[in-house]
Every structure is written in structure tokens, then in C-alpha cells.
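Colleague: Heads up: the sequence lines are chains A and B, in that order. Under the UniProt record's numbering, the residue at position 130 of the first sequence is numbered 130, and the numbers go up by one with no gaps. Under the UniProt record's numbering, the residue at position 5 of the second sequence is numbered 5, and the numbers go up by one with no gaps. Here's a structure for you.
2 protein chains.
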Amino acid sequence: MTKVLVLGAGQLARMMDLAGSPLNLDITAFDPRTNRVVHPIANDYVLGNLEDGINNADVITAEFEHLAHDVLEKCQASGKLLPSSTAIKVGGDRRLEKDLLESCQVANATHKIIANYDDFKMALSQLSLPIIFKSALEGYDGKGQWRLKSMDQAEAIWTEMADFIEQAKTSVPQAIVAEQMVPFDREVSIVGARNSKGEIAVYPVTENHHTNGVLSVSLALPVSTELQQQAFEVFSKITQALDYVGILAIEFFQVGDELLVNEIAPRVHNSGHWTQQGADTCQFENHLRAICALPLGNTELIRPTAMVNILGEDSLPEAVLAMPGVAIHWYEKEKRAGRKMGHINLCANSDIELANKLVQLADILDAHAYPDLADFAQQLKQKVSI
Amino acid sequence: MTKVLVLGAGQLARMMDLAGSPLNLDITAFDPRTNRVVHPIANDYVLGNLEDGINNADVITAEFEHLAHDVLEKCQASGKLLPSSTAIKVGGDRRLEKDLLESCQVANATHKIIANYDDFKMALSQLSLPIIFKSALEGYDGKGQWRLKSMDQAEAIWTEMADFIEQAKTSVPQAIVAEQMVPFDREVSIVGARNSKGEIAVYPVTENHHTNGVLSVSLALPVSTELQQQAFEVFSKITQALDYVGILAIEFFQVGDELLVNEIAPRVHNSGHWTQQGADTCQFENHLRAICALPLGNTELIRPTAMVNILGEDSLPEAVLAMPGVAIHWYEKEKRAGRKMGHINLCANSDIELANKLVQLADILDAHAYPDLADFAQQLKQKVSI
Numbered sequence: 001m002t003k004v005l006v007l008g009a010g011q012l013a014r015m016m017d018l019a020g021s022p023l024n025l026d027i028t029a030f031d032p033r034t035n036r037v038v039h040p041i042a043n044d045y046v047l048g049n050l051e052d053g054i055n056n057a058d059v060i061t062a063e064f065e066h067l068a069h070d071v072l073e074k075c076q077a078s079g080k081l082l083p084s085s086t087a088i089k090v091g092g093d094r095r096l097e098k099d100l101l102e103s104c105q106v107a108n109a110t111h112k113i114i115a116n117y118d119d120f121k122m123a124l125s126q127l128s129l130p131i132i133f134k135s136a137l138e139g140y141d142g143k144g145q146w147r148l149k150s151m152d153q154a155e156a157i158w159t160e161m162a163d164f165i166e167q168a169k170t171s172v173p174q175a176i177v178a179e180q181m182v183p184f185d186r187e188v189s190i191v192g193a194r195n196s197k198g199e200i201a202v203y204p205v206t207e208n209h210h211t212n213g214v215l216s217v218s219l220a221l222p223v224s225t226e227l228q229q230q231a232f233e234v235f236s237k238i239t240q241a242l243d244y245v246g247i248l249a250i251e252f253f254q255v256g257d258e259l260l261v262n263e264i265a266p267r268v269h270n271s272g273h274w275t276q277q278g279a280d281t282c283q284f285e286n287h288l289r290a291i292c293a294l295p296l297g298n299t300e301l302i303r304p305t306a307m308v309n310i311l312g313e314d315s316l317p318e319a320v321l322a323m324p325g326v327a328i329h330w331y332e333k334e335k336r337a338g339r340k341m342g343h344i345n346l347c348a349n350s351d352i353e354l355a356n357k358l359v360q361l362a363d364i365l366d367a368h369a370y371p372d373l374a375d376f377a378q379q380l381k382q383k384v385s386i
Numbered sequence: 001m002t003k004v005l006v007l008g009a010g011q012l013a014r015m016m017d018l019a020g021s022p023l024n025l026d027i028t029a030f031d032p033r034t035n036r037v038v039h040p041i042a043n044d045y046v047l048g049n050l051e052d053g054i055n056n057a058d059v060i061t062a063e064f065e066h067l068a069h070d071v072l073e074k075c076q077a078s079g080k081l082l083p084s085s086t087a088i089k090v091g092g093d094r095r096l097e098k099d100l101l102e103s104c105q106v107a108n109a110t111h112k113i114i115a116n117y118d119d120f121k122m123a124l125s126q127l128s129l130p131i132i133f134k135s136a137l138e139g140y141d142g143k144g145q146w147r148l149k150s151m152d153q154a155e156a157i158w159t160e161m162a163d164f165i166e167q168a169k170t171s172v173p174q175a176i177v178a179e180q181m182v183p184f185d186r187e188v189s190i191v192g193a194r195n196s197k198g199e200i201a202v203y204p205v206t207e208n209h210h211t212n213g214v215l216s217v218s219l220a221l222p223v224s225t226e227l228q229q230q231a232f233e234v235f236s237k238i239t240q241a242l243d244y245v246g247i248l249a250i251e252f253f254q255v256g257d258e259l260l261v262n263e264i265a266p267r268v269h270n271s272g273h274w275t276q277q278g279a280d281t282c283q284f285e286n287h288l289r290a291i292c293a294l295p296l297g298n299t300e301l302i303r304p305t306a307m308v309n310i311l312g313e314d315s316l317p318e319a320v321l322a323m324p325g326v327a328i329h330w331y332e333k334e335k336r337a338g339r340k341m342g343h344i345n346l347c348a349n350s351d352i353e354l355a356n357k358l359v360q361l362a363d364i365l366d367a368h369a370y371p372d373l374a375d376f377a378q379q380l381k382q383k384v385s386i
């Protein structure tokens, strides 16, 4: 039985365990808040400290990229960490990420690195409005971001960012990446696996919708060959450059028919949760297969699937459970405003059936808790009805 | 969070936990061999004794029917046991089972109860050869069964059965049920859920193949409305008579277009394991939904699916994992000859694709470990090609 230690003990480690147990994989999770290795589902079952965890594991992986560098170094030194600490750090630092994209000659938004006021002034002179500023480290789900739409906001935003840089408790210096805002048509992502032989299996490109900066809905529908090929090539270049092993997610801005990389995540990803019901082998299982040197599983779309995030809610109307094609995934987390508490996967036999089911779902759900869902569902219905 | 205690800590409790965790259900398992309540996946995580388990639980259920009656009585007394101890006992005692079938006027094989030599002689005079003798208690997977094909074997079989009755360590007296052997065309089963409101959701009738008395393959293919209706009516009668709550399985002999009940199982069932990949909501989740008073999930067949039991083997060729439509479910059990170690679910888009995939699977697997599979797959291929 292969033993896998996951760095991080949140919902991604939990879902890895649910996917890995049927393969006889023994999954444990390191909780960096308590410095304890625990069972990924029975979190109160403590199995030791980080050193015990590293020693017991055959393979070590991560459920998130914002890990202390000393933890990453210890794991890298054991020779068991997949993907490598380099790959994880790239995902956790927008400076390294931008360097990687440039070195791979992958299209992305024009950007400048800001460590001080001079850099800030330089960025303003070289980029045109609107500009989005993102923290180099620790930023995710829309946190640590500022949007500059008019020059009279500049000084106020700088004051906030300067505070943010100064107060950072990160193990390497914090900075800000200024990006030319892209007037995109939609946001999409590709999630895929690469193993140590260099074999790649990618899921179909998924369309993603954000509400207040947080992913709210992902859609997996049949996608054009050209778009899939374009995303695959970027996936291929990036994973090859990193000699990547495991699941990697790439978020894109789509502008016309062109894809610009927004960011990469060196792990299983929220926009791949639909694969639990929409694919033969879900992203969690394929991540484990890749890092445990097992053959990669089929990544084709079985049937049109939508994923709806449950944000800040800890219950659902029972009528949701009664809908055919629905699967609910709770994370067993304490309720907190805006927190990712679980997700709903919704499957259908056709695009139009999926759109109709989404309309039905939006109707059942509390509109305050899912503010964009009804409009989004109606728009999808119009789009697929054409 | 609803807390569910499962009586029994084997693979069925394990798969209930894997299906129930995403619903935020807290599943624990009582291991009758150690008298401890444990985590259904992390079996070494001990959570107390039976009394603790009963006190902590909101709902109690069972993964097998051969439970000591004092355990069942304690659970029944708590008011939390679903299905009821009566229903569980019926599944664990062929005498009660036969009484139930008769009282429901459900077709089944002619039979006699044997507690002593006089009963045995009486059975021989009233039934015609061949006769199958099955232990009333504790018999499953072909254990505790004798086949009488010619009268000159009668005394030898009686000696064995008399020993078996005498040496029984069961809490109620052991006996033998003699059944007229049915010249069936095939064996099928229906698995379905009933909730406390009397709502029923049944999966499609599944075709089952046994090797040396143990289930080896189940097939879920589109089934005729007439056959499905016939099985549904039996399911409906039996579950109503028992005021049943949870998943119940009924095994049938099919003779022409008629179904005769072979036996019932008051629990999730091996012939329903295909639902993990072939249905929106699997039998494990629907069992939990039924006993936790949640709406029942969709039981329609999503796509043709076969389930192949892994018996006495603890590894599989890697090529199996690489086949599209394959999902492997190991039970993390120690290897023992003939033991149910896991199962393979195989999905396809059509009957003929499923048959072809089964041929391919049989080709990859070791023929010694899956002795009937290649022939069975070829026969299926011929059948669905017509």
C-alpha cells in the first residue's frame, strides 16, 4: 500500500483521500496550523508531527502552494515530494510564475514587479489603465488585489499596498505584480495530469465564473478542438519546463479565440471539481495516480457537468438532493461568510438539459447565497438554445 | 451533522463512509470481532465500545445480517436502528425469510425446514431431486450448502448436516432449509431503497454470475419494462411488509419470464456495487439518504456497467487502470484465498462496447484468478451482437 502525505489538511486533501482510499492508497494530511499529521477526514485523529509524516510517507504532495519554504525544503530533501518544491513555489509566487510564463513564451498579461514606490511609479508610466495589482505571495480567491481605474486613486492604493508589503509575514519578501487588465470575453481553465514519464492527460477546457473574486460556477461542456489544442499546448510547455508530476491547473483569459494565461495552480483545483461526476477518473484520483506512478485515467467528458460552489452556507434545501444528476460534496467546515463550504455537481445528457437544470437549481437555492446563479443560468440557456 | 453507526466494519461500512462523507454524514463502524467502534476507513482509530457507539449515534444501521441477537436488541431498544431488527433477522434466517415470502405471496422455490432426521426424511419424500440444502443461519457466499442430486448421497449429506446443526454456535437454534432446485435461465437481483414515508427508488434489475457459489460478475444493462415491473412489485411487497427503511436487495432465479425469489439481503449488496459508477446516486449513498430521512437519489442507469469481483487477489495488472471507463475499489483487506478483496467497475456507452471492454479486461486479467470471465465476456458479446 502506497502511503501519501498531503501538505495541507483542507477539502482538497479530504477529497484526495475519498478518491485514493478505493485504490488502497493510505492518505494522511499535514495541517500547517497545528504542525500535526492527521487523518484527512477524521481530522481529530493525530498521526504525528511533520518529521513522522515525512518518514512514513512513500510520496509527499501538496494541496496548496502557500506553504512555508522550510516545510517545502524538508519535504524536497526527503526525495519524496511531487510535484517538486520548485513547481510549488512557482505557483505560490507571481514573480516566479511570470518568469516561467515568459521563459516558456506563453501568452499572458503585460506586467511589472513592484517592490517599492519607484517601481510603482514606473509601472504606472509603462502600463495603461485599468491596471490590476496582485500580491506576489499569499493572494488567492481575490484577496490581496487592487484595481486602478483612474489615476486619482493611485496614491490611496499605493498607501494600502505599501502597508500590505510591509506587514507581510512571508518567509521571502512580499511584492506586488502590476498587470495590464485584460478585456476578456470569458475565463476558462484547463486541468490536467502529467506523470514522471512525461505522459499527459488533460480534461476538457472548463468555463469559470467568479462572484466577488471567488469561483462560483464551472461549466464542462463539449469544447472546440482548436481551443482545447491551444490550452493543451500551454499545459504541455509549462509542465515540461517544470518537469511536473501531478495535477496542474492553468487559468486563462479568453480574448476572441486567444488564450492568455492568468495564473497557474500546482495542485488539484476548484475548477476541476466537476470531474468527480463528469469524468471516468476525477482530478483527485488522477493526481494520486500521477504521483504514485500508476497509469493515468481517462479524462474525457462523460456528460455535460456544472459545478456550483457553496459559499458561506452550511445547509441546502432538500429539493436539491432530489434532483436527478445532482451530487453534493460538503467539506465539513465551520460556517463563515464567503467560505468555501462545499460544492454541487450537476450532470445532464445535453447542454440544453444542463442549462435547464441550472435554471431549476437556481430556483431552488436562496438567491442571496447564490447571487449570480439565476442570471448565469438564464444566459447559458439562451446561449445553448441558439 | 447526522451521526451514523454501522454494525459491521467491513467493506460495506467502508464504502458507506466514502459515500456518506461528502454529505457531511459522520459514519462509525462497530466491529463485532473486537467489540469496538472504529473509523470505517482508519480501522485502527478506536472510538469506544458498542454502548458508546449507540449513545453517540443518531441512526444505527447494519452492513450484514448475521449479527448476534443481543447486539440487535440493544440497538433496537435505542430506537435508532434502521432497518428494524426484525428486518435484519429475516435476512439472517432462511426460516423467517421463507415465512415472509409466503405471507407476501411472492413466488419462491418450494421448501421444507429441517431440524432433525425425521424432517430430513419428510423433505426427501415431499421434494423431488435435485434438492439444495441451505443452513438457516450464517450461510452466505455458498457456505453451509449441500446439493443432493441422487438418493445414494442422502445419508452422507445428512451426517454432514447433522454435525453442522449440532456444532452451530448461533444464538438461536440452527436448522436447514431444503429447497427444490430451480432450473433457472439466469440469476438476477434488484437493489432499491425505501424511506420511512414509504417512497421507493429501485435500480434496474442486474444480471449476476456466480463462480463456485460466490458472485463474480454483475451486469447492469437496459432491462425490459415487464421484468423491471415484476421485480419492483416484489420489492414493494416485501419492503412494505417489513416497513423497511434503507437499501434492500432481492436475488431472483429467472425461469422464462418469471422471477422466483432466491433470497433477500437487508442491506447494501454486492450486486449493487456497479451503482458507484453506473448511477447518479450509488446504493451506499441511497442507503444513508433513506435512513437519515434525506430525499432518495436518482436510481436510473446512466450507462451500461459491469462489476467484476476481485476474489483472493491483492493486485491487478496496471493495464486495467489504463482502460477508459474502469474504476477500481479495493477494500484494504489481507489476502486470503477466495476472499472478496475489491471489485472493478467497468462502464461503456453501449451494450456492445461493454461486451468488448469485458473481453479486453478478461484478456488482461490472470485467467486463473478470474476463471469464468473470458467465456462469460464472449457469451455476452454474442448475445448483444444479435
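Backbone N, C-alpha and C define an ideal beta-carbon position, used for all residues, glycine too. A quick note: this is a predicted structure, and the numbers were derived from the prediction, not measured.
Whose CA, out of B/L23, B/D70 and B/A19, lies closest to the CA of A/H343?
Modeller: Position 343 of the first sequence, counted from the first residue, corresponds to residue 343 of chain A. Minimum Cα distance to A/H343 is reached at B/L23.
Colleague: What are the residues that DSSP puts in a beta bridge with B/A43?
Modeller: The count along the second sequence starts at 1 and reaches residue 43 of chain B at position 43. Per the sequence shown, residue 43 of chain B should be read as Asn rather than Ala. Answer is none; B/N43 lacks a bridge partner.
Colleague: If contacts are defined as beta-carbon pairs under 8 Å, then A/S218 and A/W274 qualify, I think. What distance do you get, rounded to the angstrom?
Modeller: The sequence position of residue 218 of chain A within the first sequence is 218, counting from 1. The sequence position of residue 274 of chain A within the first sequence is 274, counting from 1. Their Cβ separation, rounded to whole angstroms, is 6 Å, which keeps A/S218 and A/W274 in contact under 8 Å.
Colleague: Leaving out five residues before and five after A/G312 in sequence, what residues of the same chain have Cβ atoms less than 8 Å from its Cβ?
Modeller: As a first step, residue 312 of chain A must be located in the first sequence, where it is residue number 312. If we look at A/G312 and ignore the five residues flanking it on each side, its Cβ neighbours are K335, R336, A337, G338, R339, M341 and A369.
Colleague: Quick check: the segment 118-126 of chain A against the segment 284-295 of chain A, are there 3 or more CB pairs under 8 Å?
Modeller: As far as the Cβ criterion goes, the segment 118-126 of chain A does not touch the segment 284-295 of chain A, which means the pair count is below three.
Colleague: Which residues, in order along the segment 7-32 of chain B, keep a beta-carbon less than 7 Å from a beta-carbon of chain A?
Modeller: Going along the segment 7-32 of chain B in chain order, one finds L18, S21, P22, L23 and N24 with a Cβ nearer than 7 Å to chain A.
Colleague: Let's test the definition: count the other Cβ atoms within 10 Å of the Cβ of A/S271 and tell me whether it reaches 16, buried, or not, exposed.
Modeller: To locate residue 271 of chain A, count along the first sequence from 1; it is residue 271. A/S271 should be labelled buried.
Colleague: Name the DSSP bridge partner or partners of B/Q378?
Modeller: Within the second sequence, residue 378 of chain B is the residue found at index 378, counting from 1. In DSSP, B/Q378 forms no bridge with anything.
Colleague: Check the DSSP bridge columns for B/A327 and list the partner residues they point to.
Modeller: As a first step, residue 327 of chain B must be located in the second sequence, where it is residue number 327. Paired residue(s): B/N345.
Colleague: Of all Cβ atoms in chain A, is any one closer than 8 Å to the Cβ of B/G280?
Modeller: Here the question's residue 280 of chain B lines up with position 280 in the second sequence. The question names Gly, but residue 280 of chain B in the sequence shown is Asp. Yes, B/D280 lies at the interface with chain A (some Cβ there is under 8 Å from its Cβ).
Colleague: Could you have a look at residue 387 of chain B and say whether DSSP puts it in helix, strand or coil?
Modeller: The requested residue 387 of chain B is not part of the displayed model; chain B covers only 1 to 386.
Colleague: Using only alpha-carbon positions, find the residue among A/Y244, A/I190 and A/D44 that is nearest to A/L259.
Modeller: As a working mapping, residue 259 of chain A is identified with position 259 in the first sequence. Ranking the options by Cα distance to A/L259, first place goes to A/I190.
Colleague: Contact between the segment 377-384 of chain B and the segment 349-359 of chain B: three or more CB pairs below 8 Å?
Modeller: Yes: at least three Cβ pairs fall under 8 Å.
Colleague: Could you check which residue in B/V188, B/T206, B/D243 and B/V177 has the C-alpha nearest to that of B/V261?
Modeller: Counting from 1 along the second sequence, the entry for residue 261 of chain B is found at position 261. That would be B/V188, whose Cα lies nearest to the Cα of B/V261.
Colleague: What's the call for A/E97, buried or exposed, on a 16-neighbour Cβ count within 10 Å?
Modeller: Position 97 of the first sequence holds residue 97 of chain A. Buried, since its Cβ has 16 or more Cβ neighbours within 10 Å.
Colleague: Nearest by alpha-carbon distance to A/E63: which of A/G91, A/E179, A/Q240 and A/K333 is it?
Modeller: As a position in the first sequence, residue 63 of chain A is number 63, starting the count at 1. A/E63 has its Cα closest to that of A/G91, out of A/G91, A/E179, A/Q240 and A/K333.
Colleague: I need the DSSP call for B/F184, collapsed to helix, strand or coil.
Modeller: For this step, residue 184 of chain B is matched to residue 184 along the second sequence. Three-state DSSP puts B/F184 in coil, outside helix and strand.
Colleague: Work out the CA separation of A/P204 and A/N298 for me, nearest whole Å.
Modeller: Taking the first residue of the first sequence as position 1, residue 298 of chain A is located at position 298. Taking the first residue of the first sequence as position 1, residue 204 of chain A is located at position 204. Between A/N298 and A/P204, the C-alpha separation is close to 11 Å.
Colleague: Since B/A220 and B/L301 are thought to touch, with beta carbons under 8 Å apart, how far apart are those beta carbons, to the nearest angstrom?
Modeller: If you number the second sequence from 1, residue 220 of chain B lands on position 220. If you number the second sequence from 1, residue 301 of chain B lands on position 301. Correct: roughly 6 Å between the Cβ atoms.
Colleague: By the 10 Å Cβ neighbour count, where 16 or more other Cβ atoms means buried, how is B/M161 classified, buried or exposed?
Modeller: For the purposes of this step, residue 161 of chain B is identified with residue 161 of the second sequence, where counting begins at 1. The residue in question, B/M161, is buried, as its Cβ has 16 or more Cβ neighbours within 10 Å.
Colleague: Hey, how far is the Cα of B/T206 from the Cα of B/L148?
Modeller: Position 206 of the second sequence, counted from the start, is the residue given in the question as residue 206 of chain B. Position 148 of the second sequence, counted from the start, is the residue given in the question as residue 148 of chain B. Distance between the alpha carbons of B/T206 and B/L148: 29 Å.
Colleague: If the cut-off is 9 Å on Cβ atoms, which residues from the segment 306-332 of chain B count as contacting chain A, listed in chain order?
Modeller: Per Cβ criterion, the list reads D314, E318, A319, V320, L321, A322, M323, P324, G325, V326, A327, I328, H329, W330, Y331 and E332.
Colleague: What would DSSP say about A/A271, mapped onto helix, strand or coil?
Modeller: The residue you call residue 271 of chain A lines up with position 271 of the first sequence. The identity of residue 271 of chain A in the sequence shown is Ser, whereas the question assumes Ala. If DSSP states are grouped into helix, strand and coil, A/S271 belongs with the helices.
Colleague: Any Cβ of chain A within less than 8 Å of the Cβ of B/Y45?
Modeller: Indexing the second sequence from 1 puts residue 45 of chain B at position 45. It does; some Cβ of chain A falls within 8 Å.
Colleague: Is the beta carbon of B/L346 closer than 8 Å to that of B/A306?
Modeller: In the second sequence, residue 306 of chain B corresponds to position 306, counting from 1. In the second sequence, residue 346 of chain B corresponds to position 346, counting from 1. Yes, these two residues count as a Cβ contact at 8 Å.
Colleague: Do you know whose CA, among A/A319, A/A68, A/P317 and A/A290, lies nearest A/V4's CA?
Modeller: As a first step, residue 4 of chain A is located in the first sequence; it is residue number 4 there, counting from the start. For the residues A/A319, A/A68, A/P317 and A/A290, the minimum Cα distance to A/V4 belongs to A/A290.
Colleague: Output the residue ranges of the alpha helix (DSSP H) runs that lie fully inside the segment 133-205 of chain A and measure 4 residues or longer, sorted by chain position.
Modeller: Here the runs fully enclosed are 154-167.
Colleague: Any chance you could list the alpha helix (DSSP H) runs of at least 4 consecutive residues sitting entirely within the segment 276-321 of chain A, in chain order?
Modeller: List check, alpha helix (DSSP H) in window: 283-291.
Colleague: Leaving aside the five residues before and after A/V46 along the sequence, list all residues of the same chain whose C-beta is less than 8 Å from its C-beta, in chain order.
Modeller: The count along the first sequence starts at 1 and reaches residue 46 of chain A at position 46. Around A/V46: R36, V37 and V38.
Colleague: Take the Cβ of B/G198 as the centre, count every other Cβ of all protein chains shown within 10 Å, and call the residue buried at 16 or more, exposed below.
Modeller: Taking the second sequence and counting its residues from 1, one reaches residue 198 of chain B at position 198. B/G198 is exposed by the Cβ-count criterion.
Colleague: DSSP three-state call for A/G91: helix, strand or coil?
Modeller: The sequence position of residue 91 of chain A within the first sequence is 91, counting from 1. A/G91 falls in the helix class under three-state DSSP.
Colleague: Report yes if the CB atom of B/M15 is closer than 8 Å to the CB atom of B/V6, and no otherwise.
Modeller: Within the second sequence, residue 15 of chain B is the residue found at index 15, counting from 1. Within the second sequence, residue 6 of chain B is the residue found at index 6, counting from 1. Not a contact, by the Cβ cut-off of 8 Å.
Colleague: Pull up the distance between the alpha-carbon of B/N309 and that of B/E65, whole angstroms please.
Modeller: As a working note, residue 309 of chain B is residue 309 in the second sequence. As a working note, residue 65 of chain B is residue 65 in the second sequence. Roughly 21 Å separates the two Cα atoms.
Colleague: Nearest by alpha-carbon distance to B/A154: which of B/G53, B/A123 and B/D99 is it?
Modeller: Here residue 154 of chain B corresponds to residue number 154 of the second sequence, with the count starting at 1. Considering only alpha carbons, the answer is B/A123.
Colleague: Is there a Cβ of chain B sitting closer than 8 Å to that of A/N56, yes or no?
Modeller: Your numbering for residue 56 of chain A matches position 56 in the first sequence. No, its Cβ sits nowhere closer than 8 Å to a Cβ of chain B.
Colleague: For a cutoff of 8 Å on Cβ pairs, would you count B/I41 as touching chain A?
Modeller: Here residue 41 of chain B is taken as the residue at index 41 of the second sequence, counted from 1. Yes - at least one Cβ of chain A is within 8 Å of the one on B/I41.
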